[in-house]
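Visitor: Residue numbers (the working numbering), protein chains in the order written: chain X, 3 to 92; chain V, 18 to 174. A virtual CB, placed ideally from N, CA and C, is assigned to each residue, including glycine. Being a predicted model, the structure only gives us computed values, none of them experimental. Just passing along the structure, written as structure tokens.
As structure tokens, this is what we get:
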């Protein structure tokens, strides 16, 4: 399943942003519309990739979908010199 | 009876596998089993070789995340990196590598070899993927560079 929420927090010595819970579902809906609009171009790109790599077009789509779906659970936290960044995909 | 189950029982009857191994294989066939398909999951068995109660729970659960922890002390202050990557993303990443053209694979392999990393990326194929991930689950790397004052830990959880 694709990630539905992103959690973002940025903190530095002089600046503190409260933890943001970004509902990605609001991003996916307009993205679907964009994908529909650019689908002819996407089709050509996917076909070109398939011809270049010898991998079927459906497999190409499946691989990219798998990557998107598997992003759920990713957690990155970096702290350095009093600066802090947190990114989580739920 | 399920065909796979029948084959396991036939192998058991023929003495090709032990009762313990048959139990583990049958457990791996169960849809809600946590055991990865195609390997013995280290499930404990009762005295008769078959699971007999709730205490016969799987010993080895499938690990979900690869964790990378880096701690270093620099002049400005300590730096900590804590990354948790889903194993599923690694699987998808290896599949993505199959989209890389052969020419790019060759160039990449040559460059890696030149820099002392004798890795043939084209040998990492989707069919070898599960084996690779299974071995990653046993991975634990601890690097403690005292001169650099850095500590790196890579493990699965």
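Please list the residues of the region 100-129 of chain V that have a C-beta atom closer than 9 Å to any C-beta atom in chain X, keeping them in chain order.
Guide: 100, 101, 102, 103, 104, 105, 106, 107, 108, 109, 110, 112, 113, 115, 116, 117, 118, 119
Visitor: Starting from the beta carbon of residue 96(V), find every residue of chain X whose beta carbon is closer than 9 Å, and list them in chain order.
Guide: 80, 81, 82, 83
Visitor: Among 80(X), 92(X), 86(X), 20(X), which one has its Cα closest to the Cα of residue 14(X)?
Guide: 86(X)
Visitor: The alpha helix (DSSP H) spanning residue 45(X) covers which residue range?
Guide: 41-55
Visitor: The alpha helix (DSSP H) spanning residue 130(V) covers which residue range?
Guide: 119-131
Visitor: CA-CA distance, residue 51(X) and residue 172(V)?
Guide: Rounded to whole angstroms, the gap between the alpha carbons of residue 51(X) and residue 172(V) is 35 Å.
Visitor: Let me know the secondary structure DSSP gives residue 7(X) once reduced to three states.
Guide: strand
Visitor: Should residue 216(V) be flagged as near chain X, meaning a C-beta pair shorter than 9 Å?
Guide: Here chain V covers residues 18 to 174 and nothing more, so residue 216(V) does not appear.
Visitor: Going by alpha carbons, who is nearest to residue 13(V) out of 129(V), 25(V), 145(V)?
Guide: An answer regarding residue 13(V) cannot be provided, because it is not within the stretch 18 to 174 covered by chain V.
Visitor: Terminal residues of the continuous alpha helix (DSSP H) containing residue 66(X)?
Guide: 59-72
Visitor: Check whether the Cβ atoms of residue 47(X) and residue 99(V) sit closer than 9 Å, and answer yes or no.
Guide: no
Visitor: Closer than 7 Å by C-beta to residue 72(V): which residues in its own chain qualify, once you throw out the five before and the five after it? Chain order, please.
Guide: Confidence at residue 72(V) is low in this model, with a pLDDT of 49, below 50, so its placement is unreliable and the value that follows should be read with caution. For residue 72(V), where only same-chain residues beyond five positions count, there are no Cβ hits under 7 Å.
Visitor: Can you give the Cα-Cα distance for residue 87(V) and residue 29(V), rounded to whole angstroms?
Guide: 48 Å
Visitor: Roughly how far, in whole angstroms, is the beta-carbon of residue 113(V) from the beta-carbon of residue 65(X), given that I think they are within contact range, below 8 Å?
Guide: 6 Å
Visitor: Taking a Cβ distance cut-off of 7 Å, strictly less, list which residues of the region 39-67 of chain X are near chain V, in chain order.
Guide: 51, 54, 55, 57, 62, 65
Visitor: Can you name the residues of chain V whose CB is closer than 7 Å to the CB of residue 4(X)?
Guide: Correct list: empty, because the minimum Cβ distance to chain V is about 12 Å.
Visitor: Given that a residue counts as buried once 16 or more other Cβ atoms are within 10 Å of its Cβ, and exposed if not, what is residue 34(X)?
Guide: With fewer than 16 other CB atoms across the displayed protein chains lying within 10 angstroms of its CB, residue 34(X) is exposed.
Visitor: Measuring CA to CA, which of 90(V), 103(V), 96(V) is closest to residue 83(V)?
Guide: 103(V)
Visitor: Using only the alpha-carbon positions, how far apart do residue 137(V) and residue 81(V) sit?
Guide: Their Cα atoms are separated by approximately 26 Å.
Visitor: Could you give the DSSP three-state label for residue 34(V): helix, strand or coil?
Guide: The DSSP-derived three-state label of residue 34(V) is coil.
Visitor: On the CB-based measure, 16 or more other CB atoms within 10 Å of its CB, does residue 31(V) come out buried or exposed?
Guide: exposed
Visitor: In the DSSP output, which residue or residues are listed as bridge partners for residue 85(V)?
Guide: The bridge partners DSSP lists for residue 85(V) are 100(V), 171(V).
Visitor: Just the C-alpha distance for residue 161(V) and residue 39(X), rounded to the nearest angstrom, thanks.
Guide: When only Cα atoms are considered, residue 161(V) and residue 39(X) end up about 52 Å apart.
Visitor: By a C-beta neighbour count over all protein chains shown, 10 Å radius and 16 as the cutoff for buried, is residue 127(V) buried or exposed?
Guide: exposed
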